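Numbered per our numbering, the sequence shown spans residues 610 to 859.
Beta carbons are placed, not taken as given, at the ideal position from N, Cα and C, and that holds for glycine.
Note that this is a predicted model, so its numbers are computed, not measured.
Structure first, then comments.
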Amino acid sequence: LPDRPRSFIEKIKLPTFSGKLEAWPDFLKTWSDITGPEKMTEAVELLCIRQHIPQEAVELLDGVQNMETAWKRLKRKYGDRDLMILHVTKRLNGVSLSGPLYEQVEKLAIECERAVTLLNHLKAEALLKNDFELVARLSSKLPGNLLLSWDTSCTERGGESPASWPHFLTWLRNQREVAHFARLRSLTKDGSGTGAKGGGDNRNGAATLVCFKCQAVGHAARECPHPPTQDMFTANAGRFQTEEEYKAER
């Protein structure tokens, strides 16, 4: 087969580094994969990399004449493993949840999955497995009814480490699946088929409230006349508010 033309490097654009620590490993690998086969001269590669990194990183390369020195300086700034681990865990600990319940669950699940992926890449996934304090901090951010569901799950699981990170992650993934259907239900209520303008008992065009505790129609959870029971908290469909109910409670 003939050698690939050098225009190949134009067909697949060189990656641009955002300056975020968590983006460094992917940037470094992608850059090497694309430029390696092209066998660019150091002068050309230095020119290219200066065009694909933030200004503060460009300043690190002032006076640099070869790629070996360039990579050393960039890796010292952005490739420190311990610093990346601290950055990932700090972001996870600081996650803030707001909005309807399904949005809170989705956001927390996404942040946890992101941290797992990045720490696996750094070969530091073991940091999470026995971090019971992290599980406690994250679960405490959940709304009351979901927190009760988590506590119930731990109680039912039993064993020596019922509130472990693997168990929390599995539970959260399940809650995210439920949240997905809650989001679909909310979107359906906003549509023309069964929502605010969809007929049925909703003749006045008002948003229908669905109580997330007892699943009855016509009142919000704060006005629920029924005392809480275990079934209310273990039934998946009863753990999420509709968009209309969330707005009504603000």
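Out of curiosity, what's the CA-to-CA distance linking residue i and residue j?
i	j	result
Arg659	Phe741	43 Å
Pro771	Leu747	15 Å
Gln664	Thr779	41 Å
Val653	Ala632	23 Å
Leu756	Val667	47 Å
Thr625	Gly767	48 Å
Val714	Tyr687	31 Å
Leu796	Glu720	23 Å
Leu683	Leu731	17 Å
Asp642	Arg690	21 Å
Met649	Ile662	18 Å
Glu765	Asn754	16 Å
Pro646	Trp640	11 Å
Lys622	Glu722	28 Å
Val787	Tyr711	8 Å
Glu651	Gln674	8 Å
Val704	Asp760	20 Å
His776	Ala733	18 Å
Thr726	Pro634	12 Å
Cys763	Pro752	17 Å
Would you decide whether residue i is buried or exposed? Buried here means 16 or more other CB atoms lie within 10 Å of its CB.
i	result
Val744	buried
Phe790	exposed
Leu793	exposed
Gln784	buried
Pro709	buried
Ser749	exposed
Ser758	buried
Arg812	Because the pLDDT of Arg812 is 41, which lies under 50, any placement of that residue in the model is unreliable, and the number read from its coordinates should be weighed accordingly. Result: exposed.
Is residue j closer than 8 Å to residue i when the C-beta atoms are compared?
i	j	result
Leu717	Leu728	no
Ala724	Leu701	yes
Met676	Leu692	no
His696	Leu637	no
Trp680	Lys738	no
Mapping DSSP to helix, strand and coil, what is residue i?
i	result
Asn739	coil
Asn702	helix
Ala791	helix
Ala745	helix
Gln784	helix
Ile621	coil
Glu668	helix
Ser627	coil
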